[in-house]
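Asks: Protein chains in written order, with the numbering used here: chain A, 5 to 277; chain B, 5 to 852; chain C, 163 to 466.
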Amino acid sequence: MAKGMFVDTSICTGCKACQVACKEWNALPHEPGHFRFDPVEKRPVAVNFTGDSYDNTGALGATDWRRVRFIEQFSEDRSRGRWLFSSDSCKHCNDAGCLNACPTGAIVRTGLGNVFIQQDVCIGCKYCIPSCPYGVISLSEATGTVHKCTLCNDRIHNGLGTACAKACPTGSISFGEVAELRKAADKRLAQLKSLGHAEANIYGYKEAGGLNVFYLFLDRPQVYGQTESVVVPQKRLPVSSAVAIAGALALGGAALVSFRERGSRETDEEVKK
Amino acid sequence: MGSNMAECHPVAFRWPLKAKTDHGAVLMHVDPRFTRTSALCDIHAPIRAGTDIVFLGAIINHVIHSDRWKTDPFFREYVVNYTNAGTLIAPDFKDTEDLDGLYSGLSPDGKAYSNATWAYQREKPPAPAAKEATNFTDLLLQKIPGRPKTDPTLRNPHTVFRILERHYSRYTPEAVERICGCPKEKFLKVAESLLNNSGSDRTSNITYAVGWTQHTVGVQIIRTAAVLQALLGNIGRPGGGVLALRGHATIQGSPDIATLYHSLPGYLNMPDARKAHESLKDFILTEAGPLSTSYWGNYPKFAVSYFKAQFGDAATRENDYGYDYHPKITGDHSHMPMFVDMTAGKIKGFLLMGQNPAVGGQNARFQRKALAKLDWMVVRDFFETETSAFWRNSPEIRSGELKTSEIKTEVFFLPAAVVAEMEGTFTNTQRLIQAHDKAVDPPDDARSDSWFSFLLGKRLKELYKDSTNDRDWAIRSLLWNYEPDAAEAAEWRIKDEPSAYKILKEINGYTWEDRKPLPSFANLKEDGSTACGAWIYTGVIPEEGKNRGKSRKGDDWISPNWGFAWPANRHIMYNRASADPSGKPWSEKKKLVYWDPAADSGTKDPAGKPVPGKWVAPSGEGIDFQPTKAPGFRGKDNGLGFDWLSGNDAFIMRSDGKAWLFAPAGLVDGPLPAHYEPYESPVKNLLYRQQSNPVAKVWKVEGNPYHKVADPAYPIVISTYRLTEHHLTGVMTRWLPWLAELMPELFCEISPELAAERKIGNGEYVTIRTARGEVEARALVTRRMRPFLIDGTTVHEIGLPWHWGWQGTAQGDVVNNLTPLVGDPNVSIHEGKVFTCDIRAGMKGGKG
Amino acid sequence: MNPEVHMPGWEWYYVAMYFFIAGISAGAYFIGTLAELFGDDRHREISRTGFYIAFPLILLTPPLLIADLGRPERFWHLLFHAKSGIPYMNFQSPLSVGSWALLLFGTMAFLSFLDNLVSEGKLQSAPFAKAYSRIPRKWYAVVGSIAGFFVAGYTGVILNITARPFWAATNPLVGALFIASAASSGAAAIYLVMAWRKKLTDPGLPGFDLFDRLAKILELFLAVAMVVLAGKYAAPLMKGITAVMFWGGAVLLGIVLPLAAGWYATRTAGSPIPAERLATVLAVLVLVGSVLLRISMVHAGQVQ
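See below:
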């Protein structure tokens, strides 16, 4: 039975407890690129103010496995105004670009459906990194391997839920069996639509074979930085390979023409003589 | 309103959110900024900072003139029976409408009000009891005032209601638009929503935090909400009320057990050398006299039990239970005047536990410089806070204003334990006492604050044990029996922590002779046979070994078996008002406490037959009323406390048993809330000639300059506030890289309109300046901030979170460098939520 | 297309250089094989040169690949499962299949290299020569060439089947483009070695030159088609250093100039191949263009 998370962004308050709980449970260090070192006071000093609403995390990374997005939508006269929040992480896709790309079998899917990187197998080839259509998986300079949300692999295989779901104060993130979560999500979507939220939608039923971490959005997915009609990149493999093979065949034809041509011309000349 | 609940009380906010998603509750946020709270509310009504009384007063005005309020019988019945709407006020009372913003009774020098003209008209006092006074209670009985005169028809022009109606008559939707800068339609939406959602089967709640308290009219803002809720019949009813969101997980416990200078535990007043507090008798008569016809009539029992708990065996009837040796205050010893005294060199030593005034204090530069005047300072905290480092590293050291070699303050830094390393209880914002389990020992030498205070007390007692000096009596006689309990300390490395149970038991109270815990404050006595640290907590340990703070059985409503709510596990105060004057619930839907005429009251009549009738609460809620007093009971004119209060006097802590729409006593700046502009404001008061609170606490001392009203050098309104990611001065958050990287640098929220005017780009540095100081911040240009149109002029407002200091992993300028020392006259809280400033693009030194 | 897709952080001096060197090696090898299959004795020298070049060049590539890994000491996980030691291949990952192809190609290139040594008499040991001559050399040349084509093209497929917008938008052409470029740079390398060995009067050269021109035309066509196909997502190729490397280096110096100059030279001089001096310079330009092609393609997928 696949386990996953339902993220109901309509009741997210943007508090970032999920980000901190994730770091705490997984003993993740702070993101090194966000700090400079003060040699006098001998401590790191944070310098990562982005000016992008309240999001200073900026992107998912090797040490940032969760990141809350802040989307401000205000008309100039302020008559319409909305601030959307969404806690982003690995979606544990059923058809995962990272898993498909991994050449060592380091990235696997466990019996609970989550996509997990075996840290003792990864060689740091980095191919999974651009293969994730959501920009999730990242390399750590410190370990030389890639990292991402594990869906709290150790917790969920021991009867617990994910750390982020546990810390979420409003229940925006809930953990459980994907089938059950989908029922709850459908119910909540229906409720929101009946309250007039016409653009509310669920993201993750069809995308990438189905996302085990799926979302309820109040606006189009691209507003939340998620690709509509996402393509798992390995889907391009057949055509890409076919064209490359065609290229090779073309060169074979060129070789045929070139390396035989002189021969036939000589014969012609001989004939002419 | 006055709160950013989703950001500052994120865990508590789950409940309003659940009410919205599961029960269709409407959430409304009235605030200058659009915050993470506004994002989840149904309505956001923007108002200029400091204009809350206009908004609330206009709702009052709207409500009492509305058809619904005038025709639905619920409102009339509730207001006439449960509030002092019908009480007659002294005929020579003059309102702000008469005196253009002042009340009658202001002293000639304009510094203080006498409330003589605010008093109730009363019947003649009852004949005093014939018997001679043998105890304090008897003394109080001799001074019972006459019953207030009332006109239940509310027609008499001297009724509170008519005064109130006139007082708020100019608080209109148009005034809201002109003064608050809030569009009329928005305001009306909020007002109508509140009105339509109040009544016999619907209630509304108003929740606030420091967005209301930190003003020179802080107490009056809260009063306006209380008045409104009383008029709407929302007090004492489920889903109603006015909820104060306290700032820390357990800060409610702080005033409860009196860490505030002006009170004793349980909200008794501190003996005060400026008042008629010469002897214990004087103290009780002065403090309890005016309140004796409320449940405070039991004051003597609370007070004596408190002194008994302090001095134990040494407290006897003969020595007035040690009252004479108990410290007395001599003035306003709150934070701001304390620092003024410190600057003047009057304070030699300073103990700070989890406090960081170098960052958190108003006019922080003033406060940092004051620290240099101390002889010694002890700081208990987990990291080297800005305060503890002020002598070697601070803006003043860097600028040369203070030199380390010239600072004579000896600084002791003692490592403190953190929350998870301490045993005890939390008292949360709902008055809920919950036991808090220690999870792990603190490392190395770090210790809890209780350990420190307990051992400090022991050593002081040891030092003074042979002193014959009269003034050392108190420390010698101090009852200090919190010795560690072997069972409590068994699993820990540190064995000498004081016993959390013993401390709580003393707070709970016990009979002196056998040390048995008291199950209720009704068992307290004024003869020295009971000891009780804080009467409001009595019942948390109802019997030896049982700590109700530890109970954890919740249900989906009141959860009476989860923790212990003081007083007496009553979660909703004044819940008698959840039933109508005849004792029936106002509606089935809002049933909480009601009179069951058939239930066995537990008492027997002279013939031996059981007397029927008592108040019941099937939910298990504590009943905030005398359990067997019939709704129709008429109180005795010459009785004390419960004896005086009648069967529909739901507000048992008020001397007339009614909710006070009009406060004849207790507040120093007026019986009714009126709109005053913040002490620093770019606009004149558009309602009255009196610009700001006439009796606000100000300190016209060197180093604390104020801006003039509408000073062109400081035209921008500025507010300070908090974020979820950081906590107060940042000692608990700015040293943690996980939190530092969430909100790394000080930033200033600016509207795009102001940014365009001052050529400020998003993310660039800006400098904000007041007469007190300058800070540099990153600009966050956002439409969540907006300019306000005030009486035809654009007034800009900016805001800064004030968490930053120069130490730690997230560093930034101290925003409190900008604020002045100015405060509310009732409670001395600082006006940190609104003042004026100027802003320009660029860093402080002039660089980009 | 999601601009938030992460860049892998492949260094040009490891990964792009690998693409380049492997391309030359594979190109030289399959040219050598094609010349032998379709040509005759006149093309023997070309074949031999191709087989001489391929193996040493491909030997340079594993260190480059291994150095770019986050955990270089674990490189063998590409071929054998880390926990069980069983040989492992992930068919959906060209990087996985390519590792085996590289191994196969390298082995075949080695055998062809040895074959050269044997036939030129440089490897004398009799038992070795006897055992060796049992395996038909054309077999491993063909197998090696198929692996060679794979090695030349799979690196382009690797880029195309990621989610980085530039790489995804240039799909499905980059694999074919790299194969064409491998042919052209392999040819340039063969020419330079022949020039160095003073074998430039070789009768196989005219046919060789024609093949080279056809390869370049294919390469040019694919490069332009790729940019057109990618539309707005080709923007990284249109600005800054990346534009200079791609248009100035790969296209102009690497394809257009050699094609035009070569064609012009043979027209005016009347000879079927350009003069030696000119041809040498042009061959060097081709190699420069080839390395800049790889660098710019890898870089364009890793800019903001």
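Using N, Cα and C, we set each Cβ at its ideal position, and we do this for glycine too. None of these values were measured; they are calculated from a predicted model.
#1: How about M508/B and N551/B: do their beta carbons lie closer than 8 Å?
#2: On the DSSP bridge list, what partners appear for D364/C?
#3: For F312/C, does the three-state DSSP call read helix, strand or coil?
#4: Quick one: which residues of the stretch 237-250 of chain C get their C-beta closer than 8 Å to a C-beta of chain A? List them in chain order.
#5: If you reduce the DSSP assignment to three classes, tell me which class C97/A lands in.
#6: Closer than 7 Å between beta carbons: that is the criterion. Which residues of the stretch 402-431 of chain B meet it against chain A?
#7: Do the CB positions of H807/B and L740/B come within less than 8 Å of each other?
#8: First and last residue of the beta strand (DSSP E) that includes F3/A?
#9: Looking only at its own chain, which residues have a Cβ that is under 6 Å from the Cβ of F394/B, when we skip the five neighbours before and after it?
#10: Return the chain-ordered list of same chain residues with a C-beta closer than 6 Å to the C-beta of V278/A, the five sequence neighbours on each side being excluded.
#11: Looking at the C-beta of V15/B, does it have a partner C-beta in chain A at a distance below 8 Å?
#12: Under DSSP, the alpha helix (DSSP H) around D286/B begins and ends at which residues?
#13: Does any CB atom of chain B fall closer than 8 Å to the CB of W87/A?
#14: Decide yes or no for the touch test of the stretch 183-190 of chain C against the stretch 346-359 of chain C: beta carbon pairs closer than 8 Å, at least 3 of them.
#15: Going along chain A in order, which residues have a C-beta closer than 8 Å to the C-beta of E745/B?
#16: For a contact meaning CB atoms closer than 9 Å, what does T55/B contact in chain A?
#17: Comparing the C-beta of C97/A with each C-beta of chain C, is any distance below 8 Å?
#18: Going by beta-carbon coordinates alone, are M657/B and Y299/B separated by less than 8 Å?
#19: What does D609/B pair with, by DSSP beta-bridge criteria?
#20: Would you grab the beta carbon distance between E414/B and W380/B for me? Rounded to a whole angstrom, and I think it's under 8 Å.
#21: Could you please give the first and the last residue of the uninterrupted alpha helix (DSSP H) stretch that includes P77/B?
#22: The beta strand (DSSP E) with S42/B in it runs from where to where?
#23: Considering only the alpha carbon of each residue, which of R240/A, A100/A, F41/A lies closest to T332/C?
#24: Using beta carbons (cut-off 8 Å, strictly below), is F78/A in contact with chain B?
#25: Terminal residues of the continuous alpha helix (DSSP H) containing F191/B?
#26: Following the continuous alpha helix (DSSP H) through F200/C, name the residue where it begins and the one where it ends.
#27: Taking P334/C as the query, report the chain A residues whose CB atoms sit under 7 Å from its CB, ordered along the chain.
#28: Report yes if the C-beta distance between A167/A and W29/A is below 8 Å; otherwise report no.
#29: Cutting at 8 Å between CB atoms, please list the residues of its own chain near P249/C, excluding the five before and the five after it.
#30: Is it the case that the Cβ atoms of L644/B and L295/B are separated by a distance below 8 Å?
#31: What does R326/C reach in chain A if we use C-beta pairs closer than 7 Å?
#32: Looking at chain B, which residues of the stretch 162-184 of chain A have a Cβ within less than 8 Å of any of its Cβ atoms?
#33: Is there at least one Cβ from chain B nearer than 8 Å to V227/A's Cβ?
#34: Which runs of the beta strand (DSSP E) fall wholly inside the stretch 729-805 of chain B and span at least 3 residues, in chain order?
#35: Cutting at 7 Å between CB atoms, please list the residues of its own chain near E548/B, excluding the five before and the five after it.
#36: Within its chain, find whatever has a CB closer than 7 Å to the CB of L339/C; leave out the 5 residues flanking it on each side and keep chain order.
Replies: Working from what's here:
#1: Note on identity: in this sequence residue 508/B is Leu, with Met being the wrong assignment. Yes. Within cutoff.
#2: DSSP output for D364/C lists no bridge partner at all.
#3: helix
#4: F237, H239, L240, H243, A244, K245, Y250
#5: strand
#6: none
#7: no
#8: Since the first residue shown for chain A is 5 and the last is 277, residue 3/A is missing from the structure and cannot be characterised.
#9: A362, R372, L375
#10: In the structure as shown, chain A begins at 5 and stops at 277. Residue 278/A is therefore absent and cannot be evaluated.
#11: yes
#12: 284-292
#13: yes
#14: yes
#15: H34, E35, H38, F39, A50, N52, N60, T61
#16: In chain order: nothing, as chain A lies at least about 17 Å away.
#17: no
#18: yes
#19: DSSP lists no partner for D609/B.
#20: 5 Å
#21: 77-86
#22: S42/B -> not in any beta strand (DSSP E); alpha helix (DSSP H) instead, spanning 40-44.
#23: R240/A
#24: yes
#25: 188-200
#26: 179-200
#27: R240, V243, S244, V247
#28: yes
#29: L241, F242, H243
#30: no
#31: P134
#32: P173, T174, G175
#33: no
#34: 751-754, 769-773, 778-785, 792-794, 797-799, 801-805
#35: K520, P521
#36: G318, E381, L384, A385, M388
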